[in-house]
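This report concerns only the one structure given below.
Put into structure tokens, the structure is as follows:
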């Protein structure tokens with residue numbers, strides 16, 4: 001069963017398996033996609049298939065208008081959200097969605113996650129935004145497509161860059177994360193979950209905990225991401 | 001040792017083992033049963049046997065009046081609760097009972113679990129009910145039988161459907177969950193435990209967290225369970 | 001290296017390993033002993049030996065007056081507490097001491113663990129007692145011996161039976177548990193840790209949570225331990 | 001590829017792997033170093049290398065002035081902090097830095113960890129200090145070097161001995177721990193994380209929990225570390 005999308009499917013498959021290995025999903029509560037910019041398609045997990053039974057062949061290929069290009073199964077029910085983000089954000093290569101415990105808790109609490117420390121600032125300088133729950137008229141419409149709109153609107157209103165802030169919480173729902181590759185989107189999902197738990201515990205110990213001071217936010221972010229970055233090889 | 005209930009015992013055995021694998025029980029703190037509607041009997045875990053030592057042959061076959069039909073061991077001490085539910089709810093195929101951590105915590109707190117997000121709404125539209133602790137005169141009577149009555153009374157008082165709401169907390173005790181099969185009852189036990197932990201964390205982060213809006217509750221539930229459901233294969 | 005205490009050492013060794021497997025200890029933060037009533041000696045973990053390096057031969061045999069009867073290593077630093085309890089409570093066959101997370105948290109909070117539900121009542125009808133921290137003059141004396149006195153005094157003051165209540169918290173320190181065998185002492189340590197976590201979460205969800213009603217406490221305890229017990233085989 | 005630092009690199013490698021095995025790090029969020037006092041150099045993890053891909057050969061050898069002596073990779077971005085501590089504290093043989101969950105939560109809350117019990121007192125008699133976040137002018141300067149200054153200043157201001165208190169929290173950042181060897185530094189990191197979680201839970205159960213009384217602090221510490229210590233072999 002040869003396919004021109006074999007490598008793309010395998011990248012997508014590996015990223016989905018990693019999501020499960022990292023403890024970010026149970027059952028079918030999550031999905032990862034990987035994009036092929038040259039061909040204008042992306043690979044995504046089929047809907048409702050347990051991770052234990054997932055194979056690279058089961059991965060579905062879809063274009064940015066949600067047409068199935070290859071694959072015998074129905075793609076993730078969140079496919080339209082992925083398609084919308086790929087269409088609007090040319091720089092991203094992969095997207096992950098989970099119902100991970102602490103990320104969901106902040107989303108259900110409808111609170112942004114404040115930047116309380118360097119673990120957070122190593123990855124982004126802003127608070128992690130929690131988008132408002134969707135308006136009723138949008139829910140009745142094209143729901144998953146509109147989730148994508150909801151994310152873009154949130155970034156516009158707050159003047160956030162999706163290149164720097166690679167994660168968001170959807171109020172009363174859960175997290176989406178993205179990155180240059182599907183693997184990076186999964187990495188960002190794990191970072192978000194970790195930072196979400198740290199921030200939760202911080203507020204339990206000190207309800208008046210203060211945000212990291214600006215000089216430290218800048219220092220840590222630029223150590224890893226600035227033009228004079230000296231972290232890593 | 002051939003038995004006409006061999007397949008039923010194996011279904012019951014597998015579901016009990018899965019309960020343990022999912023981290024929902026320690027020692028002997030739980031049990032699962034599976035029903036055979038045609039023969040009017042159900043298979044249930046023997047009482048006090050550790051999961052590590054459980055075999056399909058040890059599973060006990062009981063009828064709806066609690067008469068042992070097959071098996072050399074004493075059935076679970078909660079057998080009468082299972083029997084009562086099977087007798088009254090024709091649509092269910094399996095029942096699971098655990099003392100899982102977060103489910104028990106809500107039961108001991110005597111609080112319903114509010115529907116705070118889509119993880120919950122993907123499975124049921126109502127708050128997960130916590131039945132009031134049993135009245136003293138019922139405790140002194142046929143206790144496990146009366147636990148079944150307690151569950152049915154709770155559903156009647158609140159006008160809940162046991163086809164839509166497949167789980168309940170017994171005040172000061174713990175959760176029961178059910179479903180079309182024993183495997184689904186175990187699945188529902190895991191969903192309940194997950195949702196219970198999410199709701200607990202949500203209230204820790206925001207004591208004034210609000211329930212999911214009705215339009216979203218309906219949308220998520222119908223995405224998976226409505227007549228135009230498009231989740232899964 | 002044959003020894004008349006070979007079986008006793010092995011019982012003690014297995015119970016110590018199980019303590020570690022159950023996640024109740026890290027490093028050397030715990031110890032289990034097993035008694036031989038006929039010979040008036042008990043077997044106990046050597047002090048400061050990591051569980052990964054423990055062997056049955058390393059187990060030390062000690063009498064009730066803390067004299068080493070067999071073994072080339074120094075016994076646990078808590079040996080005198082074990083000896084004192086064996087000397088005073090003829091009915092017990094094993095003792096376990098840990099620094100397990102939730103048990104220690106209640107001990108450090110200096111609070112008894114209220115009987116909030118049936119998981120607790122299945123094992124004991126009383127709140128789990130937290131003994132007051134030791135008086136200064138006793139600390140300067142024979143500390144570990146006096147820890148034994150502290151436990152007995154606590155049970156006397158509260159009129160508790162060490163046959164029914166097989167566990168205690170030492171204020172600002174941690175838990176001791178016992179039972180008919182070393183394995184039962186380890187079991188009780190795990191039950192204590194589980195009930196401690198459940199009670200902690202219950203109070204987080206509902207700070208006004210109430211104790212289980214007396215009729216239910218009695219019912220659940222007698223289901224398992226009364227003269228008409230019908231739990232188990 | 002023979003090297004006069006082969007044994008040192010292996011010690012450092014093993015300690016880094018243990019940090020990961022103990023669940024104290026995810027991805028590249030941590031590092032351990034081991035010093036060779038005779039040659040005035042230390043071995044440290046390369047920057048940004050995942051633990052799964054780490055080999056003894058990849059370990060970098062650096063002197064106290066941060067000059068790379070051996071190794072083809074860039075050393076940890078925290079190298080200057082390690083160098084500063086080795087230069088100023090002659091008695092230490094290893095240093096570990098993590099972003100472990102509960103340690104970070106206390107650091108982000110900017111709170112010292114009070115000595116609430118004997119688990120803490122078995123290791124140190126003081127509260128675990130949380131150094132104030134760095135002043136802005138120091139952040140803009142030689143950041144990682146200044147983190148070392150920040151630690152020393154904290155110990156001077158509070159009159160703490162780095163031989164007795166082998167751990168510190170950096171406000172809004174995370175923990176550093178040290179010891180006679182790299183393995184001991186890792187051990188202290190695990191003890192710190194455990195004590196941090198215990199103290200967090202203690203305050204959740206009893207916001208008015210009191211510090212361990214002085215006589216008990218002294219007793220437990222001297223049991224293990226005093227001149228008449230009787231813990232261990």
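Protein chains in written order, with UniProt numbering: chain A, 1 to 233; chain B, 1 to 233; chain C, 1 to 233; chain D, 1 to 233.
Think of the CB as a built atom: it goes at the ideal place given N, C-alpha and C, for glycine as much as any other residue.
Looking at 85/A, 98/A and 48/A, the one whose alpha-carbon comes closest to that of residue 149/A is 85/A. In this structure, the straight-line span from the alpha carbon of residue 12/C to that of residue 64/C is close to 16 Å. Within its own chain, the residues whose Cβ lies closer than 6 Å to the Cβ of residue 122/C, once the five positions on either side in sequence are excluded, are 220 and 224, listed in chain order. Under the three-state reduction of DSSP output, residue 136/A falls in the helix class. Taken atom to atom, the span from the alpha-carbon of residue 199/D to that of residue 48/A is near 42 Å. Among the residues of chain A, those whose CB is under 8 Å from the CB of residue 200/D are 201, 204 and 205, following chain order. For residue 33/D, the enclosing beta strand (DSSP E) begins and ends at 30-36. In chain order, 46, 47, 48, 49, 73 and 74 make up the part of chain C whose C-beta sits under 8 Å from the C-beta of residue 233/D. Within the segment 130-144 of chain C, the residues whose Cβ lies closer than 8 Å to any Cβ of chain D are, in chain order, 133, 134, 136, 139, 140 and 143.
Here the C-alpha atom of residue 100/D lies approximately 5 Å from the C-alpha atom of residue 24/D. Considered as a whole, the segment 54-132 of chain D harbours 79-88, 101-109 and 118-121 as its complete alpha helix (DSSP H) runs of no fewer than 4 residues, in chain order. Exposed is the label assigned to residue 229/B, since fewer than 16 other Cβ atoms lie within 10 Å of its Cβ. Contact check between the segment 96-116 of chain C and the segment 116-136 of chain D: three or more CB pairs, one atom from each, fall below 8 Å, which counts as touching. Among the bridge pairs identified by DSSP, residue 179/A is matched with 94/A.
Chain-order list of chain B residues neighbouring residue 223/C: 77, by C-beta distance under 7 Å. At a beta-carbon threshold of 7 Å, none of the residues of chain D lie near residue 96/A; the nearest stands roughly 15 Å away. About 7 Å separates the Cβ atoms of residue 179/D and residue 92/D, confirming a contact at the 8 Å cut-off.
Ranking 233/B, 212/B and 226/B by CA distance to the CA of residue 109/A puts 212/B first. Using a Cβ distance threshold of 9 Å, residue 139/C and residue 196/D do not count as a contacting pair. Shortest Cα-Cα distance from residue 104/D to any of 190/D, 75/D, 153/D and 87/D involves 190/D.
In the three-state reduction of the DSSP assignment, residue 169/C falls in the strand class, which pools E and B. Residues of chain C with a Cβ closer than 9 Å to the Cβ of residue 179/D do not exist; the shortest Cβ-Cβ separation is about 14 Å. Residue state for residue 49/A is assigned as coil, using DSSP reduced to three classes.
Taking a contact as a CB-CB distance under 8 Å, the pair residue 69/A and residue 59/A does not count as one, their CB atoms being some 12 Å apart. Contacts with chain D (Cβ-Cβ distance below 8 Å) from the segment 104-134 of chain C involve 104, 105, 106, 107, 108, 109, 110, 111, 133 and 134, listed in chain order. If you check the CB distance, residue 169/D and residue 106/D come in under 9 Å. Burial of residue 33/D is indicated by the presence of at least 16 other C-beta atoms within 10 angstroms of its C-beta. Secondary structure note for residue 43/A: its beta strand (DSSP E) is the uninterrupted segment 41-44.
Its chain contains 223 and 224 as the residues whose beta carbon lies nearer than 6 Å to that of residue 231/A, once the 5 sequence neighbours on both sides are disregarded; these appear in chain order. Taking every protein chain shown into account, the CB of residue 31/C has 16 or more other CB atoms within 10 angstroms, so this residue is buried.
In the three-state scheme derived from DSSP, where H, G and I count as helix and E and B as strand, residue 200/C is classed as helix. Using a Cβ-Cβ cut-off of 9 Å, residue 19/A does not count as an interface residue toward chain D, since no Cβ of chain D sits closer than that to its own.
Under the three-state reduction of DSSP, residue 2/A is assigned to coil, being neither helix nor strand. 26, 27, 28 and 29: these are the residues of the segment 11-37 of chain D whose beta carbon lies less than 9 Å from some beta carbon of chain A, given in chain order. A check of alpha carbon separations from residue 80/C across 42/C, 206/C and 127/C identifies 42/C as the nearest.
As the crow flies, the alpha-carbon of residue 128/A is around 11 Å from that of residue 176/A.
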